[in-house]
């Protein structure tokens, strides 16, 4: 039986609603809407819509730091899209694959998938999708340490989102651009880029909190402990009514870095040990940085036991990632998904 128009429109409505929830900072709700859309699309035999909704759900899972689930979901999307003669669906699945792989640390296949998605969107004349895929590429380059390339792409991405009036996308790209500037030793440029957003009345509170989060890194890179501490208070305030374990651990990590900058090493060590004791509530890059900082401080303090335990944990993280990457490759081959990277 062919799906009727109302069923098609209902799936499209769920996709649009999910994106709106994401734009409002409600990631769990956005993913739940996608998952409901997947069920409706499957019931109505709408393969293309099912693949698109799965791809969107996988993106949300990856952003929520649920990499294993994201990989499982995007693989399902890839199996469906691989059987379709639908260029848009394939492009969206490729793009989502790129982001998931980027967040899993598989940089080379991630870049290949994203560049193919960009080419697909360009061929379809979908300029906004081209820009969104470039945003993902900018993020990948930044987390892969290719910061000069990330800055080059990022400047244009930020400006193009600004021209389109899509503030949430602009802020996300600006945050990524600022992170690359910090890594390149240009914190003053990052500060000038981000500071205007703090007084932008269009920004919802959760986006201002993200800007504050990035400015904390900027201020620490500039050696300004007092301003960083003020920004920590500002970053955490929007969460007070619905504090999460993630926001609490992130605050501890920031405070540890401020304490270290001030030479308050005992306090910094105590805070860092609390941070690494809750690994599941921490972004992987921050968790790695916390362990690296802990090692540096343990060496300075002559604490061999602490140094050894932190090194051991870093090694375990690396081994976990290696195993995950192996399973990633096996999964792509097992599910016959080479088309994503072809």
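Numbering (our numbering), first residue to last: 212 to 553.
For each residue, glycine too, the CB sits at the ideal point set by N, CA and C.
Taking C-beta separations shorter than 8 Å and ignoring five residues to either side along the sequence, the partners of residue 393 in its chain run 401, 428, 429 and 432, following chain order. The DSSP-derived three-state label of residue 277 is coil.
Contact between residue 285 and residue 258 does not hold, since their C-beta atoms are separated by about 16 Å, which reaches or exceeds 8 Å. Residue 473 has its alpha-carbon roughly 10 Å from the corresponding atom of residue 467. For residue 481, the uninterrupted alpha helix (DSSP H) run begins and ends at 476-487, by DSSP. DSSP places residue 407 in the uninterrupted alpha helix (DSSP H) bounded by 398-409. Exclusion of the five residues before and after residue 289 leaves 304, 308, 546, 548 and 551 as the residues of its chain whose Cβ lies within less than 7 Å of its Cβ. Residue 446 is a Cβ neighbour of residue 423, given a cutoff of 7 Å. For residue 236, the closest alpha carbon among the candidates 469, 382 and 314 is that of 382. Judged by DSSP secondary structure, residue 553 falls outside any alpha helix (DSSP H); it is assigned neither H nor E.
Around residue 360, the same chain offers 352 as residues with beta carbons nearer than 7 Å, after the five sequence neighbours per side are excluded. Straight through space, the alpha carbons of residue 300 and residue 226 are spaced by roughly 13 Å. Counted as a single uninterrupted DSSP element, the stretch harbouring residue 473 is not any alpha helix (DSSP H), since DSSP gives it neither H nor E. In chain order, 467, 470, 471 and 508 place their CB closer than 7 Å to the CB of residue 479, counting only its own chain and leaving out the 5 sequence neighbours on each side. Counted as a single uninterrupted DSSP element, the alpha helix (DSSP H) harbouring residue 419 occupies residues 416-432.
For residue 522, the CB contacts under 7 Å within the same chain, skipping 5 residues up- and downstream, are 506 in chain order. Taken through DSSP and simplified to helix, strand or coil, residue 500 comes out as helix.
DSSP places residue 380 within a helical segment (H, G or I) once states are collapsed to three.
Residue state for residue 295 is assigned as coil, using DSSP reduced to three classes. Residues 405 and 442 of the same chain have their beta carbon placed closer than 6 Å to that of residue 426, with the five preceding and five following residues left out of the count. Counting along the chain, residue 254 sits inside the alpha helix (DSSP H) bounded by residues 238-254. With 16 or more other Cβ atoms inside 10 Å of its own Cβ, residue 263 counts as buried. For the 7 Å CB-CB criterion, residue 482 and residue 463 form a contact. The residue from 517, 486 and 228 with its alpha-carbon nearest to that of residue 241 is 228.
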